[in-house]
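Written below as structure tokens is the structure these notes are about.
Numbering (our numbering), first residue to last: 5 to 197.
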């Protein structure tokens with residue numbers, strides 16, 4: 005079982021290919037060359053990123069969800085809980101699939117993400133796109149300047165993306181019978197308040 009942790013392998017044109025894609029591809033290919041069964045779980049963006057203090061405080065204090073994505077960009081968000089559910093399901097099958105995409109189907113926009121937060125907190129929440137550099141600067145004190153620069157680079161790559169999603173036929177529902185949590189269900193499951 006390998007989770008790509010948001011890196012897309014096998015598609016060099018994807019803005020989520022990232023610097024780790026060749027290493028992950030080499031790992032998967034090497035294991036399969038040794039006849040070791042491997043299921044690759046490929047989530048896109050993690051809902052847990054929205055728990056960063058700089059993001060969540062804007063929601064709670066101002067009713068504004070600030071994130072470095074266009075408001076209209078559809079993203080197949082997933083939780084680490086969804087990846088864990090998919091891993092358990094794949095590990096308990098007699099024959100696990102080679103690859104499974106993990107995330108919300110249909111993918112949701114920033115506006116829809118804010119609506120889920122509004123429903124959860126029972127108050128108005130709007131989405132506000134921020135620049136990747138501004139976002140990176142806001143999280144640098146938390147994760148360090150180097151990691152924040154990598155995050156900024158990722159979101160800069162997503163600025164021109166058509167979507168950060170996948171075909172439902174390759175998703176966890178079709179492959180494993182596991183449906184990724186909605187944003188509202190995820191917030192409730194974690195008891196975010």
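C-beta atoms are modelled at their ideal positions from N, C-alpha and C, and glycine is treated no differently. Small disclaimer: the values here were computed from a predicted structure and weren't measured.
Going by beta-carbon coordinates alone, are residue i and residue j separated by less than 8 Å?
i: residue 28; j: residue 40; result: no
i: residue 85; j: residue 188; result: no
i: residue 168; j: residue 111; result: yes
i: residue 159; j: residue 114; result: no
i: residue 172; j: residue 179; result: no
Step through the CB atoms of chain C and report whether any lies within less than 8 Å of the CB of residue i.
i: residue 86; result: Here chain C cannot be found, since the structure has a single protein chain.
Go through its chain and collect everything with a Cβ distance to residue i's Cβ below 8 Å, but skip five positions before and after it.
i: residue 165; result: 19 and 77
i: residue 119; result: 129
i: residue 42; result: 5, 6, 32, 35, 36 and 102
i: residue 21; result: 11, 12, 13 and 15
i: residue 147; result: 155
By alpha-carbon positions, which one of the options ends up nearest to residue i?
i: residue 161; options: 58, 16, 187 and 172; result: 16
i: residue 2; options: 25, 128, 95 and 132; result: Past the edges of the chain, shown from 5 to 197, lies residue 2, and the structure says nothing about it.
i: residue 126; options: 149, 136 and 63; result: 63
i: residue 81; options: 181, 197, 9 and 196; result: 9
i: residue 191; options: 66, 60 and 21; result: 60
i: residue 68; options: 131, 79, 22 and 124; result: 131
i: residue 193; options: 72, 83 and 24; result: 83
i: residue 88; options: 182, 117 and 66; result: 182
i: residue 108; options: 23, 98 and 51; result: 51
i: residue 140; options: 73, 93, 30 and 91; result: 73
i: residue 3; options: 117, 24 and 99; result: Residue 3 lies beyond the range of the chain shown here (5 to 197); nothing can be said about it.
i: residue 196; options: 97, 124, 92 and 79; result: 124
Tell me which residues share the same chain as residue i and place their Cβ nearer than 7 Å to its Cβ, disregarding the 5 neighbours each side in the sequence.
i: residue 143; result: 56, 58, 152 and 155
Say the cut is 7 Å; is the CB of residue i nearer than that to a heavy atom of the ligand HEM?
i: residue 164; result: Looking at this structure, you won't find the ligand HEM or any other ligand, since it has none at all.
The alpha helix (DSSP H) with residue i in it runs from where to where?
i: residue 188; result: 187-194
i: residue 153; result: 149-162
i: residue 57; result: 57-66
i: residue 32; result: 25-37
Would you give the residue range spanned by the beta strand (DSSP E) that residue i belongs to?
i: residue 131; result: 130-133
i: residue 103; result: 103-106
For residue i, which residues from the same chain have a beta carbon less than 6 Å from its beta carbon, with the 5 sequence-adjacent residues on both sides left out?
i: residue 105; result: 46, 170, 174 and 175
At least 3 beta-carbon pairs within less than 8 Å: the region 34-49 vs the region 129-141
As far as the Cβ criterion goes, the region 34-49 does not touch the region 129-141, which means the pair count is below three.
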